[in-house]
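**Student:** Okay, handing you the structure first.
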Amino acid sequence: MKARVTVTLKSGILDPQGKAIEGALRSLGLAGVSSVRQGKVFDIEIDDGDRAKAEALLKQAADKLLANTVIENYKVDVLG
Amino acid sequence: MKAAVLVFPGINRERDMARTLRLISGREPASVWHADTELPAGTDLVVIPGGFSYGDYLRCGAIAARSPIMNAVRAHAASGGLVLGVCNGFQILCEAGLLPGVLMRNGNLRFICHDVYLRVERSDTPFTRGYNAGQVVRVPVAHGEGNYIADGETIARLEGEGRVLFRYSSPDGTIDPNWNHNGAINAIAGILNERGNVFGMMPHPENHVEAAIGPTDGRGLFAGLAEVLERAA
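Here the protein sequences line up with chains A and B, keeping their order.
For what it's worth, the working numbering labels the leading residue of the first sequence as 1, then goes sequentially.
For what it's worth, the working numbering labels the leading residue of the second sequence as 1001, then goes sequentially.
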């Protein structure tokens, strides 16, 4: 079973990397980008075929390691 | 003083730290591998040195904070034992939940590697008793992620309880954005936990301890710790 955990910075947390990328997009002449926030994506394979169990497992993984919940939010998607 | 210096893959300041502890306390610190599950018997100070544990993968200090030895460090701290984290060690303590907040990418996006000035905010802690409150010390920094941040409530608590022990300042002790190299909130360079026995800081006091090399302002931190622990022993 495939799943994806997406980790993003909470709003209000300054993201200097996102700002730098935003500036670089502008200097490429790509007009219309008003803001960039950088995050992380984890593509994960799960042994178990049970969807609910997989979600619970990934939530644990995100809380314990993948995200630092002081500054980051996460989203778990079990893709099947 | 019976110090234990933790060693994780990718840590590179453990020998500087061990050398300084030996120089100032006269005792050889133990070196403890990350996969160990226990600290040497009688350890009274755990030191987490600087470097790039696990190549800063995921987040600085994130993987090291979940390694087996950290359970022993948690138990040591819970029983009142002293813990010092420097640079990556500070990041590891935050990731382990032993200190609040996070060290984010420096505001200017650059790796900063030079001497800084720190204003000592309090001298009545085991970590700063070798200094006077208001004193300015010169020590080096070497980090890309030292920009301390926490939620507003946490910052208010840290400030209200006097748990900020060092701030980036000018040479005369003025807090000024121009001297706050990494952009840390309230120019925070080092913080203490609630109980007062776990301390983390980004700068490297262990590198300024010998007159033959340069300033010796870092000595005070280790001399103060050695004094407290020798007295307790």
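Heads up, the beta-carbon is just placed ideally off N, CA and C, and yes, glycines get one too.
Taking 9 Å as the CB-CB limit, is Leu-57(A) close to chain B?
**Tutor:** Translated into the one-based positions of the first sequence, residue 57(A) becomes position 57. Closer than 9 Å: no.
**Student:** So Pro-16(A) is in the alpha helix (DSSP H); what residue range does that whole segment cover?
**Tutor:** One-based indexing of the first sequence puts residue 16(A) at position 16. Counting along the chain, the alpha helix (DSSP H) containing Pro-16(A) begins and ends at 16-27.
**Student:** Would the beta-carbon of Arg-1122(B) fall within 9 Å of that of Gly-1162(B)?
**Tutor:** Numbered from 1 along the second sequence, position 122 holds the residue referred to as residue 1122(B). Numbered from 1 along the second sequence, position 162 holds the residue referred to as residue 1162(B). Yes.
**Student:** For the putative contact between Leu-1118(B) and Val-1139(B), defined by C-beta atoms under 8 Å, what is the C-beta separation to the nearest angstrom?
**Tutor:** Looking up residue 1118(B) in the second sequence gives position 118. Looking up residue 1139(B) in the second sequence gives position 139. So it is a contact: roughly 6 Å between Cβ atoms.
**Student:** Note down, in chain order, every chain A residue with its Cβ under 9 Å from the Cβ of Leu-960(B).
**Tutor:** Past the boundaries of the shown model lies residue 960(B); chain B is included only from 1001 to 1233, so the question cannot be answered.
**Student:** To the nearest angstrom, report how far apart Val-70(A) and Ser-1067(B) are at their CA atoms.
**Tutor:** For the purposes of this step, residue 70(A) is identified with residue 70 of the first sequence, where counting begins at 1. For the purposes of this step, residue 1067(B) is identified with residue 67 of the second sequence, where counting begins at 1. Each residue's alpha carbon lies about 20 Å from the other.
**Student:** Per the contact definition of three or more C-beta pairs closer than 8 Å, is the segment 1008-1025 of chain B in contact with the segment 1039-1049 of chain B?
**Tutor:** Result yes; three or more Cβ-Cβ pairs closer than 8 Å.
**Student:** Would you mind working out which of Phe-1166(B), Tyr-1148(B) and Ala-1035(B) sits nearest Met-1070(B), comparing C-alpha positions?
**Tutor:** By one-based count along the second sequence, residue 1070(B) stands at place 70. Selected option, being the one with the closest Cα: Ala-1035(B).
**Student:** According to DSSP, is Pro-1029(B) part of a helix, a strand, or is it coil?
**Tutor:** Here residue 1029(B) refers to the residue found at position 29 when the second sequence is read from its first residue. Pro-1029(B) falls in the coil class under three-state DSSP.
**Student:** Roughly how many angstroms separate the alpha carbons of Gly-1183(B) and Leu-1058(B), rounded to a whole number?
**Tutor:** The residue you call residue 1183(B) lines up with position 183 of the second sequence. The residue you call residue 1058(B) lines up with position 58 of the second sequence. Each residue's Cα considered, the two are about 22 Å apart.
**Student:** Could you tell me the alpha carbon to alpha carbon distance between His-1143(B) and Leu-1192(B), rounded to whole angstroms?
**Tutor:** As a first step, residue 1143(B) is located in the second sequence; it is residue number 143 there, counting from the start. As a first step, residue 1192(B) is located in the second sequence; it is residue number 192 there, counting from the start. About 20 Å.
**Student:** With respect to the alpha helix (DSSP H) encompassing Ile-1155(B), which residues constitute its N-terminal and C-terminal limits?
**Tutor:** Counting from one through the second sequence, the residue named residue 1155(B) turns up at place 155. Where Ile-1155(B) is concerned, the enclosing alpha helix (DSSP H) stretches over 1152-1160.
**Student:** List the DSSP bridge partners of His-1114(B).
**Tutor:** To locate residue 1114(B), count along the second sequence from 1; it is residue 114. Paired residues: Val-1141(B).
**Student:** Within 10 Å of its beta-carbon, does Arg-26(A) have 16 or more other beta-carbons around it, so buried, or fewer, so exposed?
**Tutor:** Here residue 26(A) is taken as the residue at index 26 of the first sequence, counted from 1. Looking at its Cβ environment, which holds fewer than 16 other Cβ atoms inside 10 Å, Arg-26(A) is exposed.
**Student:** Can you give me the Cβ contacts of Asp-48(A) inside the same chain, cut-off strictly under 8 Å, excluding the 5 residues immediately before and after it?
**Tutor:** Here residue 48(A) refers to the residue found at position 48 when the first sequence is read from its first residue. Same-chain partners within the cutoff: Met-1, Ala-54 and Leu-57.
**Student:** If we define contact as Cβ-Cβ less than 9 Å, is Val-76(A) a contact residue for chain B?
**Tutor:** As a first step, residue 76(A) must be located in the first sequence, where it is residue number 76. Judged by the 9 Å Cβ criterion, Val-76(A) is not in contact with chain B.
**Student:** Mind checking the segment 1098-1115 of chain B against chain A and listing, in chain order, the residues whose C-beta falls within less than 9 Å of any C-beta there?
**Tutor:** Here the close residues are Pro-1100, Gly-1101, Val-1102, Met-1104, Arg-1105, Asn-1106, Gly-1107, Asn-1108 and Leu-1109.
**Student:** Please list the segments of the alpha helix (DSSP H) lying wholly inside the segment 1002-1027 of chain B, counting only runs of 4 or more residues, in order along the chain.
**Tutor:** You should have 1014-1025.
**Student:** What are the residues of the segment 9-36 of chain A that lie near chain B, defined by any Cβ-Cβ distance shorter than 8 Å?
**Tutor:** Listed by position along the chain: Ile-13, Leu-14, Pro-16, Gln-17 and Ala-20.
**Student:** Specify the secondary structure class of Asp-1056(B) as computed by DSSP and reduced to three states.
**Tutor:** Stepping through the second sequence from its first residue, residue 1056(B) is reached at position 56. Residue state, collapsed to three classes: helix.
**Student:** Please report the residue range of the beta strand (DSSP E) in which Asn-119(A) lies.
**Tutor:** This structure gives no information on residue 119(A), because the portion of chain A shown stretches from 1 to 80.
**Student:** Please identify the residue among Val-76(A), Asp-77(A) and Glu-72(A) whose C-alpha is closest to the C-alpha of Leu-14(A).
**Tutor:** Counting from one through the first sequence, the residue named residue 14(A) turns up at place 14. When only C-alpha atoms are compared, the closest one is Glu-72(A).
**Student:** For chain B, check one thing: does any of its Cβ atoms lie closer than 9 Å to the Cβ of Leu-79(A)?
**Tutor:** Taking the first sequence and counting its residues from 1, the one referred to as residue 79(A) is at position 79. Not an interface residue.
**Student:** Please look up how many angstroms separate the CB atoms of Asn-1207(B) and Gly-1190(B), rounded, as I've assumed it's under 8 Å.
**Tutor:** Within the second sequence, residue 1207(B) is the residue found at index 207, counting from 1. Within the second sequence, residue 1190(B) is the residue found at index 190, counting from 1. In fact, because the Cβ distance is near 15 Å, the residues do not count as touching under 8 Å.
**Student:** Residues of the segment 1147-1163 of chain B with a CB closer than 9 Å to any CB of chain A: list them in chain order, please.
**Tutor:** Within the segment 1147-1163 of chain B, the qualifying residues are Asn-1147, Ile-1149, Ala-1150, Asp-1151 and Thr-1154.
**Student:** Check the Cβ of Ile-46(A) against every Cβ in chain B and list those closer than 8 Å, keeping chain order.
**Tutor:** As a first step, residue 46(A) is located in the first sequence; it is residue number 46 there, counting from the start. Those within 8 Å of Ile-46(A) in chain B number zero; the least Cβ separation is about 19 Å.
**Student:** Using 10 angstroms around the beta-carbon of Phe-1111(B), count the other beta-carbons present and answer buried if the total reaches 16, otherwise exposed.
**Tutor:** Here residue 1111(B) corresponds to residue number 111 of the second sequence, with the count starting at 1. With fewer than 16 other Cβ atoms within 10 Å, it is exposed.
**Student:** List, in chain order, every chain B residue whose beta-carbon is nearer than 8 Å to that of Asn-68(A).
**Tutor:** As a working mapping, residue 68(A) is identified with position 68 in the first sequence. Chain B residues near Asn-68(A): Arg-1059, Ala-1062, Glu-1095 and Val-1102.
**Student:** Residues bridged to Ala-3(A) by DSSP?
**Tutor:** For the purposes of this step, residue 3(A) is taken as the residue at position 3 of the first sequence. For Ala-3(A), which the question treats as bridged, DSSP gives the partners Ile-44(A) and Val-78(A).
**Student:** Note the first and the last residue of the continuous alpha helix (DSSP H) segment covering Val-1228(B).
**Tutor:** Against the second sequence, residue 1228(B) aligns to sequence position 228. First-last of the alpha helix (DSSP H) with Val-1228(B): 1219-1232.
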